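This report concerns only the one structure given below.
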Amino acid sequence: MLSGSKSQNRFRDDEEETSSQASSAISLEDAGLQRRKADWHRRSTSRSFWGSNIGWFGLRSRYLGESEAERKARRRRCCRWLGIVVGVMMVFGVVAGVVYISFVTTLIRRLAPPSGHSGLQHIVQTWREPDSDGAFKFDWRDDFSRDIVPKSCHSHNDYWRAVPLYAALAAGCVSFEADIWLTDDEELLVGHSWRSTKPERTLRTLYLDPLTNIFESRNVSVASSLEKETGVFDADPNNSTILLIDFKSDGADTWPVLLSQLSTFREKNWLTYYDGEKLNQGPLTIVGTGNAPFDLIQQNSTDRYIFFDAPLLSVSEEQYDPTNSYYASTNLKAAVGKMWFGHMSDEQVDTVKEQVKKAEEKGLKSRYWDTPAWPIATRDAVWRRLVESGVGMLNVDDLVGATRWNWGWCVVAGIALCGNS
Numbered sequence: 242m243l244s245g246s247k248s249q250n251r252f253r254d255d256e257e258e259t260s261s262q263a264s265s266a267i268s269l270e271d272a273g274l275q276r277r278k279a280d281w282h283r284r285s286t287s288r289s290f291w292g293s294n295i296g297w298f299g300l301r302s303r304y305l306g307e308s309e310a311e312r313k314a315r316r317r318r319c320c321r322w323l324g325i326v327v328g329v330m331m332v333f334g335v336v337a338g339v340v341y342i343s344f345v346t347t348l349i350r351r352l353a354p355p356s357g358h359s360g361l362q363h364i365v366q367t368w369r370e371p372d373s374d375g376a377f378k379f380d381w382r383d384d385f386s387r388d389i390v391p392k393s394c395h396s397h398n399d400y401w402r403a404v405p406l407y408a409a410l411a412a413g414c415v416s417f418e419a420d421i422w423l424t425d426d427e428e429l430l431v432g433h434s435w436r437s438t439k440p441e442r443t444l445r446t447l448y449l450d451p452l453t454n455i456f457e458s459r460n461v462s463v464a465s466s467l468e469k470e471t472g473v474f475d476a477d478p479n480n481s482t483i484l485l486i487d488f489k490s491d492g493a494d495t496w497p498v499l500l501s502q503l504s505t506f507r508e509k510n511w512l513t514y515y516d517g518e519k520l521n522q523g524p525l526t527i528v529g530t531g532n533a534p535f536d537l538i539q540q541n542s543t544d545r546y547i548f549f550d551a552p553l554l555s556v557s558e559e560q561y562d563p564t565n566s567y568y569a570s571t572n573l574k575a576a577v578g579k580m581w582f583g584h585m586s587d588e589q590v591d592t593v594k595e596q597v598k599k600a601e602e603k604g605l606k607s608r609y610w611d612t613p614a615w616p617i618a619t620r621d622a623v624w625r626r627l628v629e630s631g632v633g634m635l636n637v638d639d640l641v642g643a644t645r646w647n648w649g650w651c652v653v654a655g656i657a658l659c660g661n662s
């Protein structure tokens with residue numbers, strides 16, 4: 242009995258253990274299923290916002306009972322409306338673009354200054370580079386400077402232009418610049434660097450010979466302290482044109498060669514000169530800069546016809562005066578410092594005014610070089626500030642933008658209307 246009872250108890254224990262293991266396995270399986278359901282619930286919950294909102298737009302159905310045909314029809318409607326919206330936006334974009342282009346085109350046409358029809362403009366349009374025969378020759382026209390008003394602007398690095406000298410005169414600029422290099426055969430080549438020089442492009446062929454032709458054809462008045470009857474410009478015959486010569490070679494070596502090439506102008510009494518007592522203004526004023534020898538300029542005290550480009554920052558020194566100098570120039574950055582964001586501060590403007598005043602007190606014309614060329618709005622703002630400060634001569638690279646455009650309309654609707662010239 243006892244053994245049977247023990248056997249029966251062992252059987253029950255084994256059965257309970259087996260049942261317990263099975264229950265544990267089922268519990269683990271249920272737990273795994275619950276975790277998968279929880280993960281799916283979290284994922285579905287994270288998409289519930291987008292799903293519900295997409296459903297509002299008809300992109301996703303919120304109804305599980307929607308048939309395939311209904312789903313396709315809804316998608317077609319959605320695509321149709323989306324296409325309509327995109328099409329309308331494209332039409333509006335095209336219309337806005339056409340209106341913008343038409344506006345700018347009309348603005349350019351209305352604001353762009355006329356090209357003019359003077360004799361100078363004709364020369365600019367027909368000019369050719371000097372060759373072995375010398376400078377370009379043109380047929381004289383009586384309307385040479387018709388409707389051209391002379392302006393206090395300096396054509397910076399004028400020889401770089403497509404048409405040296407004549408383009409500056411056609412724009413009304415009274416001052417122009419030539420960089421000269423002395424050769425072994427005592428010729429003066431014109432160019433910004435020695436490598437850029439060419440045998441045909443000399444001070445004679447680009448400037449002196451053309452100016453001789455102009456002066457002879459116009460029969461300009463000779464140098465004197467009196468009012469002039471005839472000058473380069475009909476609008477202001479008394480205005481003297483200025484040839485700024487930048488000595489690139491040794492000044493002492495270049496000096497006698499330049500004097501020799503200017504001798505015809507001096508003999509014909511076309512040059513502004515100082516006779517030891519008074520200044521006599523001629524139709525052409527010669528100014529030396531760069532390596533120009535100030536001591537040699539001062540040396541001739543009774544017949545001085547080359548004047549100096551004095552340093553503006555030290556113009557108050559006693560040695561500089563109207564009998565030996567004409568310009569007082571400096572680099573704009575050296576004069577006022579860095580212009581942040583292309584803007585001249587009030588302090589910088591005050592500095593310019595003070596420097597300009599010092600030059601005026603010495604009887605000299607102030608000039609700032611290396612002014613900003615771009616962006617156009619910055620360039621024009623600096624020009625305006627300099628002119629308002631009373632600068633004697635505005636240094637420019639863009640002749641048309643400086644002399645014929647209204648600076649306040651050079652940049653409109655984000656478009657730079659004033660091109661370079």
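FYI, the numbering for the sequence shown is 242 to 662, going by the working numbering.
Ideal Cβ positions, reconstructed from N, Cα and C, are used throughout, including at glycine.
Just so we're clear, the structure is a prediction, and the values are computed from it rather than from any experiment.
Beta-carbon proximity list for residue i, same chain, < 6 Å, skipping 5 on both sides
i, result
"P391", "G413, V415, F474, D477 and N480"
"S396", "A409, C414 and F417"
"G360", "R382, D384 and F385"
"F672", "Limits of the chain in this structure are 242 at one end and 662 at the other, which puts residue 672 out of reach."
"V463", "N510"
Helix, strand or coil at residue i [DSSP, three-state]
i, result
"Q522", "strand"
"D550", "strand"
"R626", "helix"
"G642", "helix"
"Y561", "coil"
"S373", "coil"
"L323", "helix"
"V339", "helix"
"V365", "helix"
"M634", "strand"
"G401", "It should be pointed out that residue 401 corresponds to Trp in this sequence rather than to Gly. Helix, per DSSP."
"T453", "helix"
"L444", "helix"
"S462", "coil"
"G360", "helix"
"V556", "coil"
"G578", "coil"
"R316", "helix"
Alpha carbon of residue i to alpha carbon of residue j, nearest angstrom
i, j, result
"T644", "P563", "27 Å"
"L553", "I483", "18 Å"
"A310", "R317", "11 Å"
"G375", "S386", "24 Å"
"Y515", "G604", "14 Å"
"D487", "G338", "49 Å"
"L274", "C320", "Residue placement at L274 cannot be trusted, given a pLDDT of 49 that sits under 50; the coordinates are not used to answer."
"W422", "F506", "21 Å"
"V340", "V326", "21 Å"
"W581", "T571", "19 Å"
"S366", "R402", "In the sequence under discussion, the amino acid at residue 366 is Gln, which differs from the Ser named in the question. Each residue's Cα considered, the two are about 13 Å apart."
"K519", "E470", "20 Å"
"L323", "R312", "16 Å"
Where the beta strand (DSSP E) through residue i begins and ends
i, result
"E418", "C414 to L423"
"A569", "S566 to N572"
"S308", "Unbroken run through S308: none, as it is neither H nor E."
"D487", "T482 to F488"
"L429", "L429 to V431"
"H395", "K392 to S396"
"S607", "K606 to W610"
Start-to-end residues for the alpha helix (DSSP H) that takes in residue i
i, result
"K594", "D587 to E602"
"S504", "S504 to E508"
"D193", "Since the displayed the chain opens at 242 and closes at 662, residue 193 lies outside it and no answer follows."
"D536", "F535 to Q540"
Neighbourhood of residue i by C-beta distance below 7 Å, restricted to the same chain and skipping five residues each side
i, result
"H363", "R382"
"T443", "E428, L429, L430 and V431"
"V556", "A569, K599, A600, K603 and L605"
"G492", "N532, A533 and P534"
Member of the options whose CA lies at the smallest distance from the CA of residue i
i, options, result
"S586", "W422, R626 and L503", "R626"
"A551", "N541, Q540, P534 and T543", "P534"
"R545", "L503, S393 and R436", "L503"
"G529", "F549, G517, Q540 and N636", "F549"
"L640", "A614, K574 and S308", "A614"
"S466", "T513, K599, L361 and G642", "T513"
"Y609", "R620, A576, P616 and D621", "A576"
"T438", "K579, S490, L573 and V332", "S490"
"V628", "M330, N565 and S607", "S607"
Own chain partners of residue i with C-beta closer than 8 Å, once the 5 adjacent residues on each side are dropped
i, result
"S630", "V590, V593, K594 and V597"
"P451", "A376, F377, L406 and Y407"
"Y400", "E418, A419, D420, V431, G432, H433, R442 and L447"
"T453", "T505 and F506"
"N460", "T471"
"F333", "none"
Proximity test, Cβ basis, 8 Å: residue i and chain D
i, result
"A403", "The structure shown contains no chain D, having only a single protein chain."
Residue i Cβ short of 7 Å to the ligand PLP heavy atom set
i, result
"W610", "Of the ligands one can find in the structure shown there are none, so the ligand PLP has no counterpart to examine."
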